[in-house]
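Right, one structure below, let's go through it.
In this note's numbering, the protein residues as written are 192 to 348.
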């Protein structure tokens with residue numbers, strides 16, 4: 192049986208770390224760029240039609256959680272976002288599979304994307320507006336994909 196050298200193992204760990212960091216950075220960057228575009232091009236509560244009767248971009252401010260839940264809880268949600276992200280980062284290596292770590296990375300990136308808004312603006316910028324659902328943003332989407340991914344994974348386990 193061939194043994195892996197410490198150098199080879201470290202390179203493998205670094206490569207995996209780079210994947211998660213890149214995913215994290217991509218979510219944060221996409222979240223920031225889309226929100227900046229909305230702020231720069233729409234007034235609050237202004238709507239831009241994307242697909243008739245399906246999708247609009249509507250600039251909405253949200254001091255609550257995802258999809259407008261817990262409205263006016265900006266400060267507690269700011270601290271909760273920081274605490275959850277810190278906790279998940281602290282225990283990141285305890286998650287064994289790439290799938291779990293990918294889901295956790297999405298949750299952390301989404302939480303911190305909204306934390307950045309709460310610090311910069313005192314609210315979260317939401318804009319993705321399907322006619323049948325409250326407005327949300329890229330960070331909210333990342334959190335939902337990560338959480339749903341973990342639920343599916345652990346239910347199958």
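Beta carbons: idealized from backbone N, C-alpha and C, even for Gly. Please read these numbers as outputs of a predicted model, since none were measured by experiment.
Checklist entry - Is residue 301 closer than 8 Å to residue 320 when the C-beta atoms are compared? => result Here the question's residue 320 lines up with position 129 in the chain shown. Here the question's residue 301 lines up with position 110 in the chain shown. Their beta carbons are not under 8 Å apart, which means residue 320 does not touch residue 301 by this criterion.
Item to check | Status (buried if at least 16 other CB within 10 Å, exposed otherwise) for residue 231 | outcome: Locating residue 231 in the chain shown gives position 40, counting from the first residue. Exposed, because fewer than 16 other Cβ atoms sit within 10 Å of the Cβ of residue 231.
Checklist entry - Residue range of the alpha helix (DSSP H) that residue 308 falls in? => result If you number the chain shown from 1, residue 308 lands on position 117. For residue 308, the enclosing alpha helix (DSSP H) begins and ends at 289-312.
Checklist entry - Quick one: what's got a C-beta closer than 6 Å to residue 303's C-beta in the same chain, skipping five residues either side? => result Taking the chain shown and counting its residues from 1, the one referred to as residue 303 is at position 112. Here the set comprises 276.
Checklist entry - For residue 325 and chain B, any beta-carbon pair shorter than 8 Å? => result Any reference to chain B falls outside this structure, which holds one protein chain only.
Checklist entry - Apart from the five residues on each side of it in sequence, which residues of its chain come closer than 6 Å, Cβ to Cβ, to residue 215? => result By one-based count along the chain shown, residue 215 stands at place 24. The residues are 296 and 300.
Item to check | Cα-Cα separation, residue 294 to residue 315 | outcome: Mapped onto the chain shown, residue 294 falls at position 103. Mapped onto the chain shown, residue 315 falls at position 124. Rounded to whole angstroms, residue 294 to residue 315 spans 22 Å at the Cα level.
Checklist entry - Would residue 317 be called buried (16 or more neighbouring beta carbons within 10 Å of its own) or exposed? => result Within the chain shown, numbered from 1, the residue matching residue 317 stands at position 126. By the 10 Å Cβ count, residue 317 comes out buried.
Item to check | Beta-carbon contacts of residue 245 that lie in its chain and below 8 Å, excluding the five residues immediately before and after | outcome: Here residue 245 refers to the residue found at position 54 of the chain shown. Taken in chain order, the residues that qualify are 321 and 322.
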